[in-house]
Amino acid sequence: MKLYRGQLIPSKDFEKIKTNVSGLLSINRFLSTSADRNLALVFAGQSTDDCTAVLLEISLDSKCSDTSAPFADIESHSQFGAGEQEYLFSMGTVFRIDRIEDIDHSCVCVHLTLTQDNDPQLTALTKYMSIDLHERYDLTTLGMLMLETGDYRRAEQFFATALTAAKTPGHRARCHNLLGMAFENLGDYDRALEQFRFELKIHHQNLPLNHPAFAPTYSNIAVVYMDRSELDLALKYFRKALTIGEAATKPNHFELSVYHNHISFILKTKGHLKEALVHRKKTLSLRQLCLPPTHPAIAEAYNNLACIYQELNQSNKALFMHEKSLEIAQKSLPVDHILLAFRQTNIGAILYSQGKFDDALMHFKESLRIKLKSLDPLHPDMAVTYNNMGKTYNALGSYEKALEMYEKIVELERASFVRNHPEKLVDAMSLLIECLLQLGRTDEARERILEHYNWSNRTLGYTEQEAQAMKNILESIINKVSLFS
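Count the sequence shown with this note's numbering and you get residues 357 to 841, in order.
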């Protein structure tokens, strides 16, 4: 059976599909298709300078007709009537890209196959990620659903009710553990610690001292101490968890990687970079042992290693690790996933520090492209990207383009102004003023300073003291302008 979908795809996105033949294509939304190829060709339209007309031809194995298949015949429910022969694929459906061929000069056919359970690359990833989906739907399971959706107060209520009905030490320990997690997410760290200690007490009463069940409890206690910035105590309990976990008859490699990862963050914070590096390397090796090669947690491990190498001023190693992280993330995440934007930014930052400004700009532009699709235009992270692009254009001597970026930052900071962070606005204005000076537009720089001063007093409702502080800051910028006059 074959199904079709015709659509225009931005040419830049289509280039990525072209370079991924034999790879996987994940769909992050519902996908409407038709059994009518000619109708799909109508929807494909004709290619333009910016977009490529694409006909997706999806081949379905005969075994796909069972109830587990991620698509359905919705002809009887379709708003387009019976003529379209419409089939709908669910969000998250994954296809393999078999080949790409030209239909004519104005349209391209992408041949896809719906992945099956025997697809080795997909099976390895989905099997791991579905391990936790087979628990009984009891009160604790409902509470865990509340945790996942961020409804921590309701999660607490479910766990508390489950605790009153718990009939075994194991069930009581589990309820205390989950209550602790709910309180930790609510920021009630004292009550979280209390629950984890109740759990610990039950373990002591019923289990041998070095039983593997102690490890996650110690880890949860350590997380709360991290939340409270009590790093020495956090480190102590993570090391306890690690010792017990490593001594287990069948070690849980992923849990061990989590303990190593937390320990490395604490050591990094305390300035012990070389010791932190040892634990981050161990995190990566453990995750490579137990996870599929395209799992996002492996990408995260590479990213964290890169951060240590950066602080150790080993930029080439950091760049390699960031590139590995991006490579894996691109294989396991949708093409416009926000995490890919952050990975692109990391690579751009290192290339910028190495003086490779053109290469850095390419990565910053890709980060911006993803963010524009994934974030609100006024999201604070947009300012970070505009700043990166601005300073890179500045380094390349493209001052007009740099000015355009700094104008966007000022606009964004004004729209999302937080009164207790006025320095962000001043920093943004400083970048803009300096760029105007580099362009020799000193009078305009003076005008912009006065305009910003007036806007601040008119819009922000400063007290006299706050207004004076702002005036002093602006006058220091005016003095800076005077040096260029």
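Note that the Cβ used here is the ideal one computed from N, Cα and C, for glycine as well.
Practice task
Run the CB neighbour count on Arg814, radius 10 Å, all protein chains shown included, and call it buried at 16 or more, exposed below.
Solution key: Here residue 814 corresponds to residue number 458 of the sequence shown, with the count starting at 1. Per the 10 Å Cβ criterion, exposed.
Handout entry: Touching by the beta-carbon criterion (3+ pairs, under 8 Å), the region 559-568 and the region 586-595
Key = Too few Cβ pairs lie closer than 8 Å, so no.
Problem - CB-CB length for Asn541 against Leu503, believed under 8 Å - result: Here residue 541 is taken as the residue at index 185 of the sequence shown, counted from 1. Here residue 503 is taken as the residue at index 147 of the sequence shown, counted from 1. The pair is a contact, with the Cβ atoms about 7 Å apart (cut-off 8 Å).
Handout entry: 8 Å contact criterion, which Leu411 and Ala391 should meet: CB distance rounded
Key = Stepping through the sequence shown from its first residue, residue 411 is reached at position 55. Stepping through the sequence shown from its first residue, residue 391 is reached at position 35. Between Leu411 and Ala391, the beta carbon gap of about 13 Å keeps them out of contact (Cβ cut-off 8 Å).
Problem - For Leu696, the three-state DSSP class (helix, strand or coil) - result: Walking along the sequence shown from the start, residue 696 turns up at place 340. Per DSSP, reduced to three states, the secondary structure at Leu696 is helical.
Practice task
Leaving aside the five residues before and after Leu519 along the sequence, list all residues of the same chain whose C-beta is less than 8 Å from its C-beta, in chain order.
Solution key: In the sequence shown, counting from the first residue as 1, residue 519 sits at position 163. Non-local C-beta neighbours of Leu519 in its own chain, meaning closer than 8 Å and more than five positions away in sequence, comprise Arg528, Cys531, His532 and Leu535, ordered along the chain.
Practice task
Consult DSSP for Asp405 and reduce its assignment to one of helix, strand or coil.
Solution key: Within the sequence shown, numbered from 1, the residue matching residue 405 stands at position 49. Here Asp405 sits in coil by DSSP.
Exercise for the section: Could you tell me if Met537 is buried or exposed, where buried requires 16 or more neighbouring beta carbons within 10 angstroms of its beta carbon? Expected result: As a position in the sequence shown, residue 537 is number 181, starting the count at 1. By the neighbour-count criterion, in which 16 or more other beta carbons inside 10 Å mark a residue as buried, Met537 falls on the buried side.
Exercise for the section: Name the one or two DSSP bridge partners that Tyr742 has. Expected result: Residue mapping note: residue 742 aligns to position 386 of the sequence shown, counting from 1. Residue pairing of Tyr742 in beta bridges, as defined by DSSP: absent, with no partner found.
Problem - Simplified DSSP state of Pro690, which is helix, strand or coil - result: Within the sequence shown, the letter at position 334 stands for residue 690. Pro690: coil per DSSP, three-state reduction.
Exercise for the section: Would you kindly check if the distance between the Cβ of Leu642 and the Cβ of Leu612 is under 8 Å? Expected result: For the purposes of this step, residue 612 is identified with residue 256 of the sequence shown, where counting begins at 1. For the purposes of this step, residue 642 is identified with residue 286 of the sequence shown, where counting begins at 1. In this structure, Leu642 lies closer than 8 Å to Leu612 by Cβ.
Exercise for the section: Identify, in the order they occur along the chain, each residue of the same chain with its Cβ nearer than 6 Å to the Cβ of Glu555, setting aside the five sequence neighbours on each side. Expected result: Counting from 1 along the sequence shown, the entry for residue 555 is found at position 199. So the list reads Ala529, His532, Asn533 and Thr573, once near-sequence residues are dropped.
Problem - Identified DSSP bridge partners for Val614 - result: To locate residue 614, count along the sequence shown from 1; it is residue 258. None; Val614 has no bridge partner.
Handout entry: Exposed unless 16 or more other CB atoms sit within 10 angstroms - verdict on Gly437
Key = Locating residue 437 in the sequence shown gives position 81, where the first residue counts as 1. Caution is warranted here: a pLDDT of 40 is assigned to Gly437, below 50, making its placement in the model unreliable, and no coordinate value can be reported.
Handout entry: Beta-carbon contacts of His678 that lie in its chain and below 6 Å, excluding the five residues immediately before and after
Key = Translated into the one-based positions of the sequence shown, residue 678 becomes position 322. Here the set comprises Ala662, Asn702 and Ile703.
Exercise for the section: Specify, as a first and last residue, the run of the beta strand (DSSP E) that Glu442 falls within. Expected result: Taking the first residue of the sequence shown as position 1, residue 442 is located at position 86. For Glu442, the enclosing beta strand (DSSP E) covers residues Glu442 to Phe445.
Practice task
Can you tell me which of the three DSSP states Leu795 falls into?
Solution key: Here residue 795 corresponds to residue number 439 of the sequence shown, with the count starting at 1. Of the three classes helix, strand and coil, the one that applies to Leu795 here is coil, per DSSP.
Handout entry: Enclosing beta strand (DSSP E) for Ser462 [first to last residue]
Key = Against the sequence shown, residue 462 aligns to sequence position 106. Neither: Ser462 is in no beta strand (DSSP E) and is coded neither H nor E.
Exercise for the section: Buried or exposed for Asp422, please, with buried defined as at least 16 other CB atoms from any protein chain shown within 10 angstroms of its CB. Expected result: Within the sequence shown, residue 422 is the residue found at index 66, counting from 1. In this predicted model, Asp422 has a pLDDT of only 45, less than 50, meaning its place in the structure is not dependable enough to derive any value.
Exercise for the section: Consult DSSP for Thr497 and reduce its assignment to one of helix, strand or coil. Expected result: Your numbering for residue 497 matches position 141 in the sequence shown. Of the three classes helix, strand and coil, the one that applies to Thr497 here is helix, per DSSP.
Handout entry: Residue burial classification, Ala771 (beta-carbon count within 10 angstroms, cutoff 16)
Key = The sequence position of residue 771 within the sequence shown is 415, counting from 1. Exposed: under 16 other Cβ atoms inside 10 Å.
Practice task
To the nearest angstrom, report how far apart Leu806 and Leu781 are at their CA atoms.
Solution key: As a first step, residue 806 must be located in the sequence shown, where it is residue number 450. As a first step, residue 781 must be located in the sequence shown, where it is residue number 425. Distance between the alpha carbons of Leu806 and Leu781 is about 14 Å.
Practice task
Tell whether a beta-carbon distance below 8 Å holds between Ile706 and Leu675.
Solution key: Working through the sequence shown from its first residue, we reach residue 706 at position 350. Working through the sequence shown from its first residue, we reach residue 675 at position 319. Yes, the Cβ-Cβ distance between Ile706 and Leu675 is below 8 Å.
Exercise for the section: Would you check if the distance between the CB atom of Leu495 and the CB atom of Thr524 is smaller than 8 Å? Expected result: Mapped onto the sequence shown, residue 495 falls at position 139. Mapped onto the sequence shown, residue 524 falls at position 168. No, Cβ-Cβ distance for Leu495 and Thr524 is not below 8 Å.
Practice task
Could you tell me the distance, in whole angstroms, from the CA atom of Asn464 to the CA atom of Pro649?
Solution key: For this step, residue 464 is matched to residue 108 along the sequence shown. For this step, residue 649 is matched to residue 293 along the sequence shown. According to the sequence provided, residue 464 is Val. The question's Asn does not apply to it. Cα-Cα distance, rounded: 31 Å.
Exercise for the section: Output the distance between the C-alpha atoms of Ile383 and Asn659, rounded to the nearest integer angstrom. Expected result: Working through the sequence shown from its first residue, we reach residue 383 at position 27. Working through the sequence shown from its first residue, we reach residue 659 at position 303. Rounded to whole angstroms, the gap between the alpha carbons of Ile383 and Asn659 is 25 Å.
Exercise for the section: Identify whether Val766 lies in helix, strand or coil by the three-state DSSP scheme. Expected result: Against the sequence shown, residue 766 aligns to sequence position 410. Here DSSP, grouped into helix, strand and coil, assigns Val766 to helix.
Exercise for the section: Using only alpha-carbon positions, find the residue among Leu696, Pro690 and Glu767 that is nearest to Leu907. Expected result: Residue 907 lies beyond the stretch modelled for the chain, which goes from 357 to 841, so this question has no answer here.
Handout entry: The beta strand (DSSP E) enclosing Thr389, as first and last residue numbers
Key = Taking the first residue of the sequence shown as 1, we reach residue 389 at position 33. That run of the beta strand (DSSP E) goes Leu387 to Ser390.
Exercise for the section: List the endpoints of the continuous alpha helix (DSSP H) containing Leu589. Expected result: Within the sequence shown, residue 589 is the residue found at index 233, counting from 1. Bounds of the alpha helix (DSSP H) holding Leu589 are Leu587 to Ala603.
Practice task
Compare the beta carbon distance of Ser723 and Thr741 with 8 Å and say whether it is the shorter of the two.
Solution key: Residue 723 sits at position 367 when you count from the first residue of the sequence shown. Residue 741 sits at position 385 when you count from the first residue of the sequence shown. Less than 8 Å separates the beta-carbon of Ser723 from that of Thr741.
Handout entry: Which of helix, strand or coil DSSP assigns to Val634
Key = Mapped onto the sequence shown, residue 634 falls at position 278. The three-state reading of DSSP puts Val634 in helix, counting H, G and I together.
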